[in-house]
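A short worksheet on the structure shown next.
Residue numbers (my numbering): 423 to 493.
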């Protein structure tokens, strides 16, 4: 059996930094993009100026399915 040789093996641990920085940049870009999209499209449920979808169909309280079928 071979005798144990005490030697030091150097590791190269700096090779993955460009990939790590790229993944981090993608995550930050996705977070910022989602925040910008949310800010531009979000309407508060308490917003009184937001149009109610059923009001645009015609008379208030009218059922759109009965208007289409003629009943």
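For glycine and all other residues, C-beta sits at the position ideal for the given N, C-alpha and C.
Inter-residue Cα distance where the pair is residue i and residue j
{"i": "residue 433", "j": "residue 450", "result": "30 Å"}
{"i": "residue 441", "j": "residue 428", "result": "34 Å"}
{"i": "residue 471", "j": "residue 454", "result": "27 Å"}
{"i": "residue 462", "j": "residue 469", "result": "14 Å"}
{"i": "residue 466", "j": "residue 435", "result": "48 Å"}
{"i": "residue 446", "j": "residue 452", "result": "10 Å"}
Same chain, Cβ closer than 7 Å to residue i, five either side skipped, listed in chain order
{"i": "residue 438", "result": "none"}
{"i": "residue 464", "result": "none"}
Host alpha helix (DSSP H) of residue i (start-end)
{"i": "residue 461", "result": "439-463"}
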